[in-house]
Amino acid sequence: MAYIHAEGFAGGELKHGPIALIDQGTPVIAILPAGKEHALDEKMLSNIQEVKARGARVIVIAEEGAVVEGAEHVITIPTARPIFQPILATVPLQVFAYEIAVARGNDVDQPRNLAKSVTVE
């Protein structure tokens, strides 16, 4: 557990409020849809440019071979059918959360305030 606040937003919602949260140095992780032919590709690339213009630090999760201008880092995932891409994108997000927790000195095996409970019905 990293114990830091993070929220996920659909790319189409960015300009309806969340963009106001972006300022110099804000970390943004963008998940780019599969392939140039994907309908959301251009919109997400536009969003990446927009948050970058506001000083965000942009990390993009995209398929191998994707060209992403404006990203400081690109984390590649294997090329797969679009239906499977969200599953593949979760793996680097989980590793990222784990590494942040470790870097912050948090015990990832013993999260604070966690009570083990089992309900038998």
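Going by this note's numbering, the first residue of the sequence shown is number 51, and it counts up by one from there.
Glycine included, each C-beta is placed from N, C-alpha and C at the ideal position.
None of the values given here were measured: they were computed from a predicted structure.
Span of the beta strand (DSSP E) around residue i
i: Ile81; result: 77-81
Check whether residue i and residue j have beta carbons under 8 Å apart
i: Ala121; j: Val101; result: no
i: Val110; j: Ile127; result: no
i: Ala60; j: Ala147; result: no
i: Thr76; j: Ala56; result: no
i: Thr129; j: Glu149; result: no
Those residues which DSSP pairs with residue i across a bridge
i: Ala130; result: Answer by DSSP bridge pairing: none, since Ala130 is not bridged.
i: Val20; result: The requested residue 20 does not occur in the structure, where the chain is confined to residues 51 to 171.
Proximity winner among the options, relative to residue i (alpha-carbon distances)
i: Gly58; options: Gly75, Phe146, Ile79, Glu119; result: Ile79
i: Glu92; options: Val118, Pro77, Val152; result: Val118
i: Pro132; options: Leu82, Leu71, Val170; result: Leu82
i: Met94; options: Phe134, Val170, Ala151, Leu64; result: Leu64
i: Arg104; options: Gln74, Val124, Thr169, Gln135; result: Gln74
i: Gln135; options: Thr169, Ala112, Gly155, Ile69; result: Ala112
Closer than 7 Å: residue i CB and nearest the ligand PLP heavy atom
i: Thr140; result: The ligand content of the structure shown is nil, which means the ligand PLP is not present either.
N- and C-terminal bounds of the alpha helix (DSSP H) containing residue i
i: Asn97; result: 91-103
i: Ala56; result: Neither: Ala56 is in no alpha helix (DSSP H) and is coded neither H nor E.
i: Thr140; result: 135-153
Quiz item: With a cut-off of 8 Å, do at least 3 Cβ pairs link the region 150-162 to the region 132-142?
Solution: no
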